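Undergrad: The numbers in full-length UniProt numbering rise by one with no breaks, and the one at position 131 of the sequence shown is 131. Just so it is clear, CB atoms sit at the ideal spot from N, CA and C, and this is done for glycine as well. Remember, it's a predicted structure, so these values are computed and weren't measured experimentally.
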Amino acid sequence: MEAKSEEGEGEVGLGYNSGSVKRARLQSTLSALLDDPVLSDVPKKPTLADVDTLISLELGSAMKISVVKLDGTSFDVAVLNRGTVKDLKLAINKKINEMEQSKMGHRQISWRQVWANFCLAYHNEKLIDERAALQDLGIRNNSQVHFVHYVALRDTRKHSRRRKHRFFHGLSKRLNYHNDARS
Numbered sequence: 001m002e003a004k005s006e007e008g009e010g011e012v013g014l015g016y017n018s019g020s021v022k023r024a025r026l027q028s029t030l031s032a033l034l035d036d037p038v039l040s041d042v043p044k045k046p047t048l049a050d051v052d053t054l055i056s057l058e059l060g061s062a063m064k065i066s067v068v069k070l071d072g073t074s075f076d077v078a079v080l081n082r083g084t085v086k087d088l089k090l091a092i093n094k095k096i097n098e099m100e101q102s103k104m105g106h107r108q109i110s111w112r113q114v115w116a117n118f119c120l121a122y123h124n125e126k127l128i129d130e131r132a133a134l135q136d137l138g139i140r141n142n143s144q145v146h147f148v149h150y151v152a153l154r155d156t157r158k159h160s161r162r163r164k165h166r167f168f169h170g171l172s173k174r175l176n177y178h179n180d181a182r183s
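Next up, the structure:
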């Protein structure tokens, strides 16, 4: 019986060691693959969606789009051929967040603020409709889109909940005042 318990302990110790060895081997292989210049477009911590998009790019069912920033620098993003303007924006958000995080550590960008003041343009046509398919807009593989200044017009008929509250609260005060004055 003593021999069995020693074997069991040895298996647990060996299993732990072999698991950590396998994990270390996997990490070193993965880091070597990611450092390979051929795979330079793979993010440092790729998700399944990232890998799927890159495979689609190689197979021709995705397109690489160059995005030119206001300072003239550019970067590339990959979007599926059937992608929309919203998909392109999400790819840009992800790419810039990765670039900023690798340069400066944890940094948060307010994309709501960015898209409220800027939009993308392709051949001087602003890409405002997020549901529009990229191919319908003429965007193909290796196309260039640019960031341009854009201020969305506010729909004056829509009030925020706070403004509605102030408006109706003010009305009720006026009605109460007029009703009291009549009495």
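#1: Give me the Cβ distance between serine 56 and leucine 90, rounded to the nearest whole Å; I'm assuming they're in contact under 8 Å.
#2: Consult DSSP for alanine 132 and reduce its assignment to one of helix, strand or coil.
#3: Which residue wins for smallest C-alpha separation from asparagine 141, given the options Tyr122, Val151, Asp129, Ile128?
#4: Terminal residues of the continuous alpha helix (DSSP H) containing residue 185?
#5: Does the pairing of the region 102-115 with the region 73-87 give three or more beta-carbon distances under 8 Å?
#6: Is isoleucine 139 helix, strand or coil when you go by DSSP?
#7: Going by DSSP, what residues sit across from histidine 146 in a beta bridge?
#8: Could you check the C-alpha separation between leucine 137 and asparagine 97 for me, to the nearest Å?
#9: With a threshold of 7 Å on Cβ separation, who are the neighbours of cysteine 119 within its own chain once the five nearest residues in sequence on each side are excluded?
#10: Beta-carbon within less than 6 Å of threonine 53's beta-carbon, same chain only, minus the 5 sequence neighbours each way: which residues are those?
#11: I need the straight-line Cα distance from serine 143 to valine 21, nearest angstrom please.
#12: Let me know the secondary structure DSSP gives lysine 45 once reduced to three states.
#13: Look up valine 51 in the DSSP assignment and say whether it is helix, strand or coil.
#14: Quick check: what's the CA-CA separation for leucine 30 versus glutamine 135?
TA: Walking through what the data contain:
#1: On the sequence shown, residue 56 is found 56 positions in, with the first residue counted as 1. On the sequence shown, residue 90 is found 90 positions in, with the first residue counted as 1. That pair is no contact at about 15 Å.
#2: In the sequence shown, residue 132 corresponds to position 132, counting from 1. Residue state, collapsed to three classes: coil.
#3: Numbered from 1 along the sequence shown, position 141 holds the residue referred to as residue 141. Checked all of Tyr122, Val151, Asp129, Ile128; the closest Cα to asparagine 141 is Tyr122.
#4: In the structure displayed, the chain extends from 1 to 183; residue 185 sits before or after that span and is not available.
#5: no
#6: Taking the first residue of the sequence shown as position 1, residue 139 is located at position 139. The answer is coil: DSSP assigns isoleucine 139 none of H, G, I, E or B.
#7: The residue labelled residue 146 in the question sits at position 146 within the sequence shown. Val68, Ala121, per the DSSP bridge assignment.
#8: Within the sequence shown, residue 137 is the residue found at index 137, counting from 1. Within the sequence shown, residue 97 is the residue found at index 97, counting from 1. Going from the Cα of leucine 137 to the Cα of asparagine 97 covers about 26 Å.
#9: Here residue 119 is taken as the residue at index 119 of the sequence shown, counted from 1. So the qualifying residues of the chain are Lys126, Leu127, Ile128, Val148, Tyr150.
#10: Residue mapping note: residue 53 aligns to position 53 of the sequence shown, counting from 1. So the qualifying residues of the chain are Ala62, Ala78.
#11: Looking up residue 143 in the sequence shown gives position 143. Looking up residue 21 in the sequence shown gives position 21. For serine 143 and valine 21, the distance between alpha carbons rounds to 45 Å.
#12: Indexing the sequence shown from 1 puts residue 45 at position 45. Correct three-state label for lysine 45: coil.
#13: Your numbering for residue 51 matches position 51 in the sequence shown. Three-state result, valine 51: helix.
#14: What you label residue 30 is simply residue 30 of the sequence shown in a count that begins at 1. What you label residue 135 is simply residue 135 of the sequence shown in a count that begins at 1. One C-alpha to the other measures close to 35 Å.
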